[in-house]
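Report on one structure; see the data block that follows.
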Amino acid sequence: MNATEVNLSILKEIKNTIDKNANKENNLGLVSGISGIMIFRFLLSRVLECEKEFEKAKSLITEGLEKINDGYNDPSYGNGIAGFFWALQFLQENSIIEIDNDAIFCQIEDYIYEAMDFSIKNRNYDFLYGAIGYGMFFLKRYKTIENPNLKNKYLKILEELIAYLHTSKIENTHGIMWQSPQESDVKNEINIDLGLAHGVPSILYFLCLVYEEGLCKEKIRPLIKGINRYMLSTKNISKNMISLFPTYQYLSLKKEEHISRLGWCYGDIGIGLSLLKAADVTKDVLLKKEAISILIHSSKRRDLKQNSVLDAGICHGTYGLFHIYGKLFKKTKINYFKEASIHWKEVSDDMVKYDEDQNIYYSIHLGDRNWSNPYSLLEGLSGIGLSIISDITNHKIEWDECLFI
Numbered sequence: 270m271n272a273t274e275v276n277l278s279i280l281k282e283i284k285n286t287i288d289k290n291a292n293k294e295n296n297l298g299l300v301s302g303i304s305g306i307m308i309f310r311f312l313l314s315r316v317l318e319c320e321k322e323f324e325k326a327k328s329l330i331t332e333g334l335e336k337i338n339d340g341y342n343d344p345s346y347g348n349g350i351a352g353f354f355w356a357l358q359f360l361q362e363n364s365i366i367e368i369d370n371d372a373i374f375c376q377i378e379d380y381i382y383e384a385m386d387f388s389i390k391n392r393n394y395d396f397l398y399g400a401i402g403y404g405m406f407f408l409k410r411y412k413t414i415e416n417p418n419l420k421n422k423y424l425k426i427l428e429e430l431i432a433y434l435h436t437s438k439i440e441n442t443h444g445i446m447w448q449s450p451q452e453s454d455v456k457n458e459i460n461i462d463l464g465l466a467h468g469v470p471s472i473l474y475f476l477c478l479v480y481e482e483g484l485c486k487e488k489i490r491p492l493i494k495g496i497n498r499y500m501l502s503t504k505n506i507s508k509n510m511i512s513l514f515p516t517y518q519y520l521s522l523k524k525e526e527h528i529s530r531l532g533w534c535y536g537d538i539g540i541g542l543s544l545l546k547a548a549d550v551t552k553d554v555l556l557k558k559e560a561i562s563i564l565i566h567s568s569k570r571r572d573l574k575q576n577s578v579l580d581a582g583i584c585h586g587t588y589g590l591f592h593i594y595g596k597l598f599k600k601t602k603i604n605y606f607k608e609a610s611i612h613w614k615e616v617s618d619d620m621v622k623y624d625e626d627q628n629i630y631y632s633i634h635l636g637d638r639n640w641s642n643p644y645s646l647l648e649g650l651s652g653i654g655l656s657i658i659s660d661i662t663n664h665k666i667e668w669d670e671c672l673f674i
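For the sequence shown, this note's numbering gives the first residue as 270, with consecutive numbering after it.
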């Protein structure tokens, strides 16, 4: 079989495994929930030209709405309602489904706003489970809505979020940053999270998306510049360091250089992606050169153990690397990224496993949660399937915007 035939075969096996385990995902969101599975099924139905798969995908919309009507109340982007609604808006925006989102959303988006307000008051800016995630939903609504009254409503919500980021920022000679919502490991010390999943890079990327829409530009531009300066100030200077950036920094302690993993969630890739986005929206040629250099450096890191690449998932595994470098090659035409994408796909193919019933799976490392075989977008089979679909279709539909890729 050629590469496309191999990929199609893997996709069909993933579909069959998800079919047999459809009732095992209880959350609604994009990271861990039926929303990621729903996006995968819809895009798969197009690749396979399969009406039956399309109907299965549609049934997940009904399932999600029934969960909400039955009292499902997690509002978060990662696990809950904001992520589910973002997914519905994304599917409509890309002409994959036709649904009256306005009638659905108006009943519950005030609840999402209240969750965002609660996050703001508790200084929780987290992308997946805090204010930035809720901002992603309202930004998507602002971009796709035509009703001028609703558009103005979402604009005011976004302005409120930007104002919060202004008032909660930490600014010093190195630039602008925010205290991590997570408790510091060092007593009385302020921890700055440098991961795209939960930290300062996600704030930068979100601000760039708002800026790109032409909103709050005068307020956002100095924030973008300040974040750029701060993140670059954390760069490891030792030539023998494997990674260019650490996972976190303590605000007042002397800078300590340490290695970060190779993955979407933490390390060089997330910082490189956010700086590249900032360079694009502000048309900063020098910053773009620096961001590309960071990402090229990351593309040359191949040792699994040294780079803490333990599994196949999108979050911190081989399919995530395959997908990100493939996307970067499409954007830049730089061969380092093409070579890295091919390499990580080959490694990914070696990680496939089958259970006693010949169901395909990939063991996913979940840190303290040890190992699992999830079906979700960020850590499981749906995300692996979506990365393969992107490769087959040359990244035609950018589902990965939900992850700032």
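No residue lacks a Cβ here, since even glycine has one placed at the ideal position from N, Cα and C.
Checklist line | Assigned exposure category for Gly636 - 16 Cβ within 10 Å defines buried | finding: Exposed: under 16 other Cβ atoms inside 10 Å.
Check: Are the Cβ atoms of Ile350 and Tyr380 separated by less than 9 Å?
Finding: In contact: Ile350 and Tyr380 (Cβ atoms closer than 9 Å).
Next item on the list: Please name the residue, chosen from Tyr474, Asn285, Phe406 and Ser567, that lies closest to Leu299 on a Cα-to-Cα basis.
Entry: Of the candidates Tyr474, Asn285, Phe406 and Ser567, the residue whose Cα lies closest to the Cα of Leu299 is Phe406.
Notebook entry, point to check: Taking the DSSP output, what are the residues bridged to Gly302?
Noted result: BP columns for Gly302 point to Leu297.
Note to self: Checking the sheet assignment: what are the DSSP bridge partners for Lys622?
What the structure shows: Residue pairing of Lys622 in beta bridges, as defined by DSSP: Tyr630.
Notebook entry, point to check: Within the 9 Å Cβ cut-off, does Thr273 reach chain B?
Noted result: Among the chains in the structure shown there is no chain B, since it carries only a single protein chain.
Notebook entry, point to check: Rounded to the nearest angstrom, how far is the Cβ of Ala326 from that of Leu397, given a contact under 8 Å?
Noted result: Not confirmed; about 23 Å, so no contact.
Next item on the list: Go ahead and pull the three-state DSSP assignment for Gln448.
Entry: Correct three-state label for Gln448: coil.
Item checked: Buried versus exposed call for Cys671 [16 or more other C-beta atoms within 10 Å across all chains shown] -> Label assigned to Cys671: buried.
Check: With a cut-off of 8 Å, do at least 3 Cβ pairs link the segment 619-627 to the segment 597-607?
Finding: Of all C-beta pairs linking the segment 619-627 to the segment 597-607, fewer than three are shorter than 8 Å, placing the two stretches out of contact.
Check: Exposed or buried, what is Lys574 when buried is set at 16 or more other beta-carbons lying within 10 Å of its beta-carbon?
Finding: Exposed: under 16 other Cβ atoms inside 10 Å.
Check: In chain order, what residues of the same chain have a beta carbon less than 7 Å from the beta carbon of Ile365, not counting five sequence neighbours either side?
Finding: Excluding positions up to five away in sequence, the list reads Phe311.
Note to self: If contacts are defined as beta-carbon pairs under 8 Å, then Ile563 and Leu513 qualify, I think. What distance do you get, rounded to the angstrom?
What the structure shows: Confirmed, Cβ separation roughly 6 Å.
Next item on the list: Could you tell me which of Leu408, Glu322 and Leu597 sits nearest to Glu482, measuring between CA atoms?
Entry: Minimum Cα distance to Glu482 is reached at Leu408.
Item checked: Touch test, the segment 366-377 against the segment 438-451, Cβ-Cβ under 8 Å, three pairs minimum -> Cβ pair count under 8 Å is below three, so no.
Check: Nearest-angstrom Cα distance between Thr286 and Tyr630?
Finding: Roughly 8 Å between the two C-alpha positions.
Note to self: Please state the DSSP three-state secondary structure of Ser512.
What the structure shows: Three-state result, Ser512: coil.
Margin query: In this structure, how does DSSP classify Glu615 when only helix, strand and coil are distinguished?
Written below: DSSP, read as helix, strand or coil, puts Glu615 in helix.
Next item on the list: Could you tell me which residues DSSP puts in a beta bridge with Glu440?
Entry: Beta-bridge partners assigned by DSSP to Glu440: Ile445.
Note to self: Please state whether the Cβ-Cβ distance between Val578 and Leu650 is less than 9 Å.
What the structure shows: No, these two residues do not count as a Cβ contact at 9 Å.
Margin query: Quick check: the segment 593-600 against the segment 656-667, are at least 3 beta-carbon pairs closer than 8 Å?
Written below: The answer is yes - the segment 593-600 touches the segment 656-667, with three or more Cβ pairs under 8 Å.
Next item on the list: Select from Ala384, Ile306, Leu463 and Pro417 the residue whose C-alpha is nearest the C-alpha of Leu430.
Entry: It is Ala384.
Checklist line | Residue of Ile528, Asn391 and Ile439 minimising C-alpha distance to Ile459 | finding: Of Ile528, Asn391 and Ile439, the residue nearest in Cα terms is Ile439.
Note to self: Distance check for Pro417 and Ser543, CA to CA, integer angstroms please.
What the structure shows: C-alpha separation (whole angstroms): 31 Å.
Check: From Leu357 to Leu419, what does the alpha carbon distance come to, in whole angstroms?
Finding: Cα to Cα, the separation comes out at about 17 Å.
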